[in-house]
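Listed in order, the protein sequences are those of chains H and Y.
Residue numbers for the first sequence follow the numbering used here, so the first one is 1 and each next one is one higher.
Residue numbers for the second sequence follow the numbering used here, so the first one is 664 and each next one is one higher.
In this text, a Cβ means the ideal position worked out from N, Cα and C, and glycines have one as well.
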Amino acid sequence: MSRIGVFICHCGENIGKTVDCARVAEEAKSFPGVVFARDNTYTCSEPGQAIIREAIKEHGLTAVVIGSCSPRMHESTFRRTCAQAGLNPYMCEIANLREQCSWVHSNREEATAKAIEIVRSVVARVRNNTPLDPIRVPITKKVMVVGGGIAGIQCALDLAEGGAEVVLVERTSSLGGHMSQLSETFPTLDCSQCILTPRMVDAASNPRIKLEMYTEVEKVDGYIGNFQVTLHRKARYVDWNKCTGCGACTQKCPQKKIPSSFDEGMSMRTAISIPFPQAVPSKPTIDKDYCMKLTTGKCGVCSKICKAGAIDYEQKDEHFTVDVGAIVMATGFQVMDTDKFPYYAGGSHPNLITGLQFERIASASGPTSGEIKRPSDGKPVKTIAFVQCAGSRDKANHVAYCSKICCMYTAKHATLFKHKVHDGNAWVMCMDVRTPGKGYDEFYRRTIEHDGVHYIRSRVSRIIPDGDDLILMVADTLDGGKQLQIKADMVVLATAAVPQPDVQKMAQTMGIAYDGDGWLTEVHPKLRPVETATAGIFLAGACSGPKDIPDTVSQASAVAAKVLGLFAHPELQREPTIARVNRCAPPLQSSCVGCFTCESVCPYKAIERETLRARDGSTRQVAKVNAGLCQGCGTCVATCPSKSIELDGYTDKQIFAALNGLV
Amino acid sequence: MDWYKDMAEENFQPKIVAFVCRWCTYTGADLAGMSRLQYPPNTKVIMLPCSGRIDINFVLRAFMQGADGVLVSGCHPGDCHYNEGNYRARRRWTLLRDLLDTLGFDLRRLKLAWISAAEGNKWAQTVTDFTKEITELGPYTELHELCDCVESPLAPEAAIAAKMAFTEAKPAEDALLKTVQQAFSEEKVAKVLGWRSRPTLKRTSPDWFESAEELKDLAAPPAGVNVVRLCDEPVLANEPKLGVIARPRELASLNVLTQEHALNPEQVTVFELDADGKYLRTGTLRELSGEVAQKFPEGQVVGHSAETMQKLAEFMQKPRAERFAFWKEVSQHCLHCYACRQACPICHCKKCYVDKNQPQWFPTAADGMGNFSWLIVRAFHLAGRCIGCGACQTACPADIPLNMLNATLAKSALDNFSYQAGVNPEVPPLQADFSQKDQETFII
Chain H
1 MSRIGVFICH CGENIGKTVD CARVAEEAKS FPGVVFARDN TYTCSEPGQA IIREAIKEHG
61 LTAVVIGSCS PRMHESTFRR TCAQAGLNPY MCEIANLREQ CSWVHSNREE ATAKAIEIVR
121 SVVARVRNNT PLDPIRVPIT KKVMVVGGGI AGIQCALDLA EGGAEVVLVE RTSSLGGHMS
181 QLSETFPTLD CSQCILTPRM VDAASNPRIK LEMYTEVEKV DGYIGNFQVT LHRKARYVDW
241 NKCTGCGACT QKCPQKKIPS SFDEGMSMRT AISIPFPQAV PSKPTIDKDY CMKLTTGKCG
301 VCSKICKAGA IDYEQKDEHF TVDVGAIVMA TGFQVMDTDK FPYYAGGSHP NLITGLQFER
361 IASASGPTSG EIKRPSDGKP VKTIAFVQCA GSRDKANHVA YCSKICCMYT AKHATLFKHK
421 VHDGNAWVMC MDVRTPGKGY DEFYRRTIEH DGVHYIRSRV SRIIPDGDDL ILMVADTLDG
481 GKQLQIKADM VVLATAAVPQ PDVQKMAQTM GIAYDGDGWL TEVHPKLRPV ETATAGIFLA
541 GACSGPKDIP DTVSQASAVA AKVLGLFAHP ELQREPTIAR VNRCAPPLQS SCVGCFTCES
601 VCPYKAIERE TLRARDGSTR QVAKVNAGLC QGCGTCVATC PSKSIELDGY TDKQIFAALN
661 GLV
Chain Y
664 MDWYKDMAEE NFQPKIVAFV CRWCTYTGAD LAGMSRLQYP PNTKVIMLPC SGRIDINFVL
724 RAFMQGADGV LVSGCHPGDC HYNEGNYRAR RRWTLLRDLL DTLGFDLRRL KLAWISAAEG
784 NKWAQTVTDF TKEITELGPY TELHELCDCV ESPLAPEAAI AAKMAFTEAK PAEDALLKTV
844 QQAFSEEKVA KVLGWRSRPT LKRTSPDWFE SAEELKDLAA PPAGVNVVRL CDEPVLANEP
904 KLGVIARPRE LASLNVLTQE HALNPEQVTV FELDADGKYL RTGTLRELSG EVAQKFPEGQ
964 VVGHSAETMQ KLAEFMQKPR AERFAFWKEV SQHCLHCYAC RQACPICHCK KCYVDKNQPQ
1024 WFPTAADGMG NFSWLIVRAF HLAGRCIGCG ACQTACPADI PLNMLNATLA KSALDNFSYQ
1084 AGVNPEVPPL QADFSQKDQE TFII
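Structure (structure tokens):
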């Protein structure tokens, strides 16, 4: 039998002025199950709460209804009060008599009548409440960071600094990511590798960071605090434990004509190679698509030359699982290739390059040792043209969004060019120049005013090859679309930043969302920018949209703070208002028939399958809710054809009872 | 039961129930309070976590218990706290509204609105406008009066007699018989679902054949019914070596059951017949499940005949009140015998939620309200699942035109979501899916 106590709060005059609280309390006494009812001036005050605690003890209340402000205001306060008196907090419900009654009505009679109905409904509901206990979930205090670029490195270092164990997964054989390819960085023009490589070394040597190089994430199971990640370590054909990183093998390898992806295809590498001289770890891998030993069985030069005996042509791919409590996605971005632009010299002219290729040309460690020479014939470049927004802000052909980093890196490219080629001409075809950020606009102004770079607000309709040179057909948009032709030795397209091509597939296995362009989506773009809708999975850097280095690093540190915050708890406590598949007496055991419509409906992949075994040995599969993943939206409950799922706290019985109280 | 008559007094105060999500609309309603916006006190709120949690039964229940209007509200599309609950809700409401429209329900009394946490104004305005509309419409006496139909007369005798007419079973075709016999002898099947002739009863009924010897009773499939009836069967998902003698209608049913994991299409051997019952070929359900839509005559939505569709279109031309009167009239014959449920190839729940009483989902009495509820609940339960075989209507001893309701939902699924039940077992069920582009002209 329910023994319900009803407490009607005047909230000073807020409720009491329009609602006759004493009458509501008097009426409440007649509702089924109510054994105690009273009104009070300030229920949320300490004396008000004391009245509730005393009443619970004195009258042996099994449930409490408080007619007061919105549950959004004080539900947690009053539930705590009840818990202090030994009552299960989920046996306390709020009737909203302020925001949705006294404040919106002025007729005292009508408002009082409505208040009585609301209280009757909540009393009817609370009679069907059941005590609920918070869900406690253990936390594995280890975090996986996916991606070894600057976002992943920074995040891993901050996490390790905070005491967390980190598994840093990178699919290439070196840390560094796109930042390691850059020449200098805006707006300070400090050398990218000079600031990055010490961090790469720090990450590799930190005892709390375990590197999983040349490894990809295959599958993610589990939920916040308890993920099981299956990793796929690709065969390197080199035993890194034995390898000393001397590099002799890379010198002698006869297969030398493979385009280097680190140099964006502008230099050649060997089949056994270290991606770049400052790579961390500085260990080679064999490219099985090009290695003659692996493709034809003839060669084996590296094995002969290796004094450490580290070459292992028999090495196999490995699959293994790691248990972690949180996952950080720091998978970065790509830039669009020039071949997406057939109207620019067919998209394939050797002197039509991307911004990232220009970074390599401008880099002291790049294919031209930092001299600005063009790829086709190695001739020093005298006139260079930069085309901004190639693909960005171009909904008709490519992507609608602004790639954010191009305005600044183009200004930087033009500056670097002018610093290296004093008598050269640099033209920038821009749509709008967007340079918000500390020291950014100053940098851009310097590019024009100090370094003499010519900016033309324009759109480039065509680029026509003229032998090794390129002619740009430009429409000056500040001069009524006046047609200009600019002849350049080399053209740099600031192509759009796009998501990694395979990140969506990974997002699907993790149950995290991505937008129409393929960027991973944060829960809230402003207030929760580094969290995903799946609790325990976080986003750092450009995987959620184009970002420059300062933003990426800030996000990475923000994620570290979030993860360390999560790990600060001995275990996770979650609201118990989650879905539950019913159980009943044998032989049925559950009215669930295993249609798994709930599985398709659940946005959190919280529906699992469970096998029920009957006494006669026959088995059948039914749905089971993973309490760690369920967020309690209840969509499965309303969709379940056999009404076999309940949402604790919002059960069908409770809703029907509430409805009975109203009409 | 005449409480509703008092409400028709001059000073009519409508009863309105609002089902709202807690993250947007409930917060928006709180904001209206904080802004001290004034609105009529008739609307009482029931808070749920998400509009996706709002069961259509809550709304029906509210109306049955005397509500004159129901407001359903959640976050704007794209703003759902749970990402997609409101998209799923939207699909559900589209289907329900179309069904209620056929039933002659007064749709002006069911209002749907997207109201965000910032739209206190919109909440106050919506409630004010809706209260005014409902006040003008007056009490929903029409629906509440259904409670008065305590006596439910039987269907006209002629209709019942036609239902009871016995027809002689025709023996199964030789080609089919031989194929099934061979499948038994090669141990490809352990049991086969087909039509058994019952000479003493002068009729046929669906049954499992468990050996080649039993096949002497195998009959040709009769029209208007479906051999698949799983609600009394044990769960078959794990059972190996099942066989089914299937016409297009049965094949479509099996596809729906595959979608709902009630069968393993690799383990089911289909002896395929054409629509007239002529043997075509044998294969696993996986192999034969495709192209089901093409197996039905043109102009049909799966099994829903062009004739039913035409009848529905004509019926929809009638004024709303006439449609309501029609269903009120025909539904009063319902006996709650649940023969329609038993005959349905898609019903495979082991415990029907209609039979659950904690909570009691809707009145099970064979009175006006109970019968009308069953009309709605049965049809909606099959939304996006019914393949239109018409077995329910054939089984109905009260001759209620259930096909028309099924066809309404099939039409709604096709028109609004380009979805046909039973044609593709690979896609998620209609209500388990959504598109951001689903239409929503009826939501303010």
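Alpha-carbon spacing of Thr18 (chain H) relative to Val24 (chain H), whole angstroms: Taking the first sequence and counting its residues from 1, the one referred to as residue 18 (chain H) is at position 18. Taking the first sequence and counting its residues from 1, the one referred to as residue 24 (chain H) is at position 24. Computed Cα separation, rounded: 12 Å.
Host beta strand (DSSP E) of Cys389 (chain H) (start-end): Start at 1 with the first residue of the first sequence, and residue 389 (chain H) comes out as number 389. Thr383 to Ala390 is the span of the beta strand (DSSP E), which, as asked, contains Cys389 (chain H).
Chain Y contact residues for Asn660 (chain H), given Cβ-Cβ distances below 8 Å: Here residue 660 (chain H) refers to the residue found at position 660 when the first sequence is read from its first residue. Listed along the chain, the chain Y residues whose CB falls inside 8 Å of the CB of Asn660 (chain H) are Gln728.
Range covered by the beta strand (DSSP E) that runs through Tyr223 (chain H): Here residue 223 (chain H) refers to the residue found at position 223 of the first sequence. DSSP places Tyr223 (chain H) in the uninterrupted beta strand (DSSP E) bounded by Thr215 to Tyr223.
Cα-Cα separation between Ser45 (chain H) and Ser68 (chain H), rounded to whole angstroms: For the purposes of this step, residue 45 (chain H) is taken as the residue at position 45 of the first sequence. For the purposes of this step, residue 68 (chain H) is taken as the residue at position 68 of the first sequence. Cα to Cα, Ser45 (chain H) sits roughly 12 Å from Ser68 (chain H).
Chain Y contact for Ala533 (chain H) (CB, 7 Å cutoff): As a position in the first sequence, residue 533 (chain H) is number 533, starting the count at 1. A Cβ of chain Y is located within less than 7 Å of the beta carbon of Ala533 (chain H).
Straight-line Cα distance separating Gly966 (chain Y) from Gly946 (chain Y): Taking the first residue of the second sequence as 1, we reach residue 946 (chain Y) at position 283. Taking the first residue of the second sequence as 1, we reach residue 966 (chain Y) at position 303. Cα-Cα distance, rounded: 22 Å.
Span separating the alpha-carbon of Glu571 (chain H) from that of Ala627 (chain H): Within the first sequence, numbered from 1, the residue matching residue 571 (chain H) stands at position 571. Within the first sequence, numbered from 1, the residue matching residue 627 (chain H) stands at position 627. Cα to Cα, the separation comes out at about 14 Å.
The stretch 409-417 of chain H contacting the stretch 384-392 of chain H, beta-carbon criterion three pairs below 8 Å: Contact between the stretch 409-417 of chain H and the stretch 384-392 of chain H is present: 3 or more CB-CB pairs across the two stretches fall below 8 Å.
Same chain, Cβ closer than 6 Å to Asp870 (chain Y), five either side skipped, listed in chain order: Sequence index remark: in the second sequence, residue 870 (chain Y) carries index 207 (1-based). Hits under 6 Å: Arg859.
Range covered by the alpha helix (DSSP H) that runs through Met1032 (chain Y): Locating residue 1032 (chain Y) in the second sequence gives position 369, counting from the first residue. From DSSP, the alpha helix (DSSP H) with Met1032 (chain Y) extends over Gly1031 to His1044.
Per-residue burial, Asn1020 (chain Y) [other beta carbons within 10 Å of its own, 16 or more giving buried]: By one-based count along the second sequence, residue 1020 (chain Y) stands at place 357. Counting of Cβ neighbours within 10 angstroms places Asn1020 (chain Y) among the exposed residues, the total staying below 16.
Neighbour flag for Tyr409 (chain H) against chain Y, beta carbons, 7 Å: Taking the first sequence and counting its residues from 1, one reaches residue 409 (chain H) at position 409. For Tyr409 (chain H), not one C-beta of chain Y is nearer than 7 Å to its own C-beta.
Near-chain Y residues of the stretch 632-648 of chain H (beta-carbon distance less than 9 Å), N- to C-terminal order: Listed by position along the chain: Gly632, Cys633, Gly634, Thr635, Cys636, Val637, Ala638, Thr639, Cys640, Pro641, Ser642, Lys643, Ser644 and Leu647.
Beta-carbon contacts of Cys1010 (chain Y) that lie in its chain and below 6 Å, excluding the five residues immediately before and after: To locate residue 1010 (chain Y), count along the second sequence from 1; it is residue 347. Cβ within range, chain order: Cys894 and Arg1004.
Beta-bridge pairing of Glu935 (chain Y) - partner residues as DSSP gives them: As a position in the second sequence, residue 935 (chain Y) is number 272, starting the count at 1. Beta bridge pairing from DSSP links Glu935 (chain Y) with Y:Ala909 and Y:Arg944.
Validate contact between the stretch 175-191 of chain H and the stretch 106-120 of chain H using beta carbons, cut 8 Å, 3 pairs: Judged by Cβ distances under 8 Å, the stretch 175-191 of chain H makes no contact with the stretch 106-120 of chain H, as fewer than three pairs qualify.
Chain-order list of residues whose beta-carbon lies under 7 Å from that of Gly634 (chain H) (same chain, five-residue window excluded): Translated into the one-based positions of the first sequence, residue 634 (chain H) becomes position 634. If we look at Gly634 (chain H) and ignore the five residues flanking it on each side, its Cβ neighbours are Ala579, Leu647 and Tyr650.
Boundaries of the beta strand (DSSP E) in which Phe596 (chain H) is found, first to last residue: Within the first sequence, residue 596 (chain H) is the residue found at index 596, counting from 1. Unbroken run through Phe596 (chain H): none, as it is neither H nor E.
Contact list for the stretch 746-762 of chain Y against chain H, Cβ threshold 9 Å: Listed by position along the chain: Asn746, Glu747, Gly748, Arg751, Ala752 and Arg755.
Bridge partners - Lys141 (chain H), DSSP secondary structure assignment: Mapped onto the first sequence, residue 141 (chain H) falls at position 141. Paired residues: none, contrary to the question.
Coarse secondary structure for His105 (chain H), derived from DSSP in three states: Residue 105 (chain H) sits at position 105 when you count from the first residue of the first sequence. Coil, per DSSP.
Neighbour flag for Ala579 (chain H) against chain Y, beta carbons, 7 Å: Residue mapping note: residue 579 (chain H) aligns to position 579 of the first sequence, counting from 1. Ala579 (chain H) does not count as touching chain Y.
Under 7 Å (Cβ pairs) to chain H, residues found in the stretch 705-726 of chain Y: Those would be Lys707, Val708, Ile709, Leu711, Pro712, Cys713, Gly715, Arg716, Ile717, Asp718, Phe721, Arg724 and Ala725, in chain order.
Within 7 Å, strictly: CB atoms of Val955 (chain Y) and Gly1047 (chain Y): For the purposes of this step, residue 955 (chain Y) is taken as the residue at position 292 of the second sequence. For the purposes of this step, residue 1047 (chain Y) is taken as the residue at position 384 of the second sequence. Cβ atoms of Val955 (chain Y) and Gly1047 (chain Y): not closer than 7 Å.
Closer than 7 Å to chain Y by CB, Ile15 (chain H): In the first sequence, counting from the first residue as 1, residue 15 (chain H) sits at position 15. No, no contact with chain Y.
8 Å contact criterion, which Leu948 (chain Y) and Leu926 (chain Y) should meet: CB distance rounded: Translated into the one-based positions of the second sequence, residue 948 (chain Y) becomes position 285. Translated into the one-based positions of the second sequence, residue 926 (chain Y) becomes position 263. That pair is a contact at about 7 Å.
N-terminal and C-terminal residue of the alpha helix (DSSP H) that Cys1055 (chain Y) is part of: By one-based count along the second sequence, residue 1055 (chain Y) stands at place 392. Note, Cys1055 (chain Y): alpha helix (DSSP H), Ala1054 to Ala1058.
From Y:Phe1080, Y:Pro1008 and Y:Thr830, residue whose alpha carbon lies closest to that of Gln1102 (chain Y): Against the second sequence, residue 1102 (chain Y) aligns to sequence position 439. For the residues Y:Phe1080, Y:Pro1008 and Y:Thr830, the minimum Cα distance to Gln1102 (chain Y) belongs to Y:Phe1080.
Where Lys210 (chain H) sits in the DSSP three-state scheme: In the first sequence, counting from the first residue as 1, residue 210 (chain H) sits at position 210. If DSSP states are grouped into helix, strand and coil, Lys210 (chain H) belongs with the strands.
Closer than 8 Å at the beta carbon, the chain H residues around Cys1012 (chain Y): One-based indexing of the second sequence puts residue 1012 (chain Y) at position 349. Here the neighbours are Ser591, Val593, Pro641 and Ser642.
Nearest-angstrom beta carbon gap, Pro89 (chain H) and Arg80 (chain H) [assumed within contact, 8 Å]: Locating residue 80 (chain H) in the first sequence gives position 80, counting from the first residue. Locating residue 89 (chain H) in the first sequence gives position 89, counting from the first residue. Sure, about 7 Å apart at Cβ, within 8 Å.
Neighbourhood of Leu659 (chain H) by C-beta distance below 7 Å, restricted to the same chain and skipping five residues each side: Taking the first residue of the first sequence as 1, we reach residue 659 (chain H) at position 659. The beta carbon of Leu659 (chain H) sits closer than 7 Å to none of the beta carbons in its chain outside the five residues before and after it.
Whole-angstrom C-beta distance between Ile4 (chain H) and Ala63 (chain H), which should lie under 8 Å: Locating residue 63 (chain H) in the first sequence gives position 63, counting from the first residue. Locating residue 4 (chain H) in the first sequence gives position 4, counting from the first residue. Correct: roughly 5 Å between the Cβ atoms.
Start-to-end residues for the beta strand (DSSP E) that takes in Met710 (chain Y): Residue numbering aside, residue 710 (chain Y) sits at position 47 when the second sequence is read from its first letter. For Met710 (chain Y), the uninterrupted beta strand (DSSP E) segment begins and ends at Thr706 to Leu711.
Unbroken alpha helix (DSSP H) run spanning Gly737 (chain Y), endpoints: Locating residue 737 (chain Y) in the second sequence gives position 74, where the first residue counts as 1. No alpha helix (DSSP H) holds Gly737 (chain Y); the beta strand (DSSP E) holding it covers Gly732 to Gly737.
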